[in-house]
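> Chains as they are written, first to last, in the numbering used here: chain A, 659 to 757; chain B, 6 to 192.
As structure tokens, this is what we get:
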């Protein structure tokens with residue numbers, strides 16, 4: 659059994675990856691929408707996104723829409739793989755406990 | 006670091022909850038455009054019917070065609086943001102099925118124009134309420150509210166029935182669409 663992914667396992671980062679993983683591969687979520695989904699504050703979400711971006715798990719795109727700044731976040735292929743592996747690890751723990 | 010089974014189960018539950026919330030939020034955002042579009046279409050239809058009752062029947066055919074085409078356009082134009090993109094064209098097909106079944110009942114029962122005015126919105130509200138069983142309670146609330154208002158109008162709106170329906174059905178759908186959009190934006 660492999661170990662947990664230390665970066666993803668933190669509760670808020672787990673929620674972030676879970677939300678982004680629902681999206682289609684090329685799709686992204688706006689910062690404000692993601693904030694609502696995971697129930698974070700601006701600062702808290704920003705800090706966790708930075709950690710995930712440094713690990714190469716999420717991509718952060720900043721752009722202007724109608725002269726307003728917009729931040730869009732998507733899961734990278736590496737991030738999706740890491741998330742899937744972490745979920746598999748969690749299931750393995752539960753399955754091995756039941757045997 | 007090693008995890009206990011309880012911690013693992015808690016994490017998986019957390020993941021499932023966020024995934025469900027994300028899908029629901031995206032579904033709301035995606036559906037809002039169709040609600041607003043149909044709200045505008047039926048508002049025009051009822052207002053037109055109030056002032057030009059003789060041309061109302063022909064106008065409704067044109068407006069229904071515009072509604073279906075517009076909804077298909079909106080659904081296909083929206084970016085496929087998530088796995089909820091599966092909703093896409095099935096949303097339009099579901100409306101067409103309801104419309105076809107509606108015509109079967111119209112042919113069998115030959116309702117009066119006033120009965121028709123309350124029959125068609127309720128055919129679609131039935132679809133919305135049933136969809137709400139899967140998509141979220143807000144859909145059910147929208148459908149049931151418009152149904153209640155349209156039935157009230159049928160019995161008590163008198164000569165103002167068409168205008169009542171424009172506000173209750175058209176305005177109701179637009180209000181629901183705006184609320185869905187807001188819920189979709191803010192999670």
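Beta carbons are placed, not taken as given, at the ideal position from N, Cα and C, and that holds for glycine. Keep in mind it's a predicted model, so treat the numbers as computed, not measured.
Taking only the alpha-carbon atoms, compute the straight-line gap between residue 754 (chain A) and residue 8 (chain B) and give it to the nearest angstrom.
12 Å
> Does the structure place the region 19–29 of chain B close enough to the region 675–695 of chain A that three or more beta carbon pairs sit under 8 Å?
yes
> Using a Cβ-Cβ cut-off of 9 Å, state whether residue 660 (chain A) counts as contacting chain B.
no
> Listing by chain order, which chain B residues have their CB less than 7 Å from the CB of residue 752 (chain A)?
10, 13, 14
> Answer with yes or no whether the minimum CB distance from residue 141 (chain B) to chain A is below 9 Å.
no
> Taking residue 733 (chain A) as part of the alpha helix (DSSP H), name the residues at either end of that continuous run.
Element bounds for residue 733 (chain A): not the alpha helix (DSSP H) but the beta strand (DSSP E), 726–733.
> When the cut-off is 9 Å and only beta carbons count, does residue 726 (chain A) lie next to chain D?
Of the protein chains in the structure, A and B, none is chain D.
> Since residue 716 (chain A) meets chain B, which of its residues come closer than 7 Å, beta carbon to beta carbon?
Chain B residues near residue 716 (chain A): none, gap ~15 Å exceeds 7 Å.
> With a threshold of 9 Å between beta carbons, is residue 30 (chain B) in contact with chain A?
yes
> Can you check which of these residues, B:12, B:50, B:36, is closest to residue 81 (chain B) by C-alpha distance?
Measuring from the Cα of residue 81 (chain B), the nearest candidate turns out to be B:36.
> What do you reckon, are the CB atoms on residue 98 (chain B) and residue 128 (chain B) nearer than 9 Å?
no
> Are there three or more Cβ pairs, one per stretch, closer than 8 Å when the region 702–717 of chain A is compared with the region 729–739 of chain A?
yes
> Interface residues of chain A around residue 79 (chain B) at Cβ under 8 Å?
Under the 8 Å cutoff, chain A gives no residues; its nearest Cβ is about 18 Å from residue 79 (chain B).
> If the cut-off is 9 Å on Cβ atoms, which residues from the region 676–694 of chain A count as contacting chain B, listed in chain order?
676, 677, 678, 679, 680, 681, 682, 684, 685, 686, 687, 688, 690, 691, 692, 693, 694
> What residue ranges within the region 671–702 of chain A form continuous alpha helix (DSSP H) runs of no fewer than 4 residues, ordered along the chain?
689–696
> Measure from the alpha carbon of residue 46 (chain B) to the alpha carbon of each residue in B:170, B:185, B:14, then state which is nearest.
B:170
> Are the Cβ atoms of residue 733 (chain A) and residue 722 (chain A) separated by less than 9 Å?
no
> Based on the DSSP secondary-structure assignment, which residues constitute the bridge partners of residue 751 (chain A)?
In DSSP, residue 751 (chain A) forms no bridge with anything.
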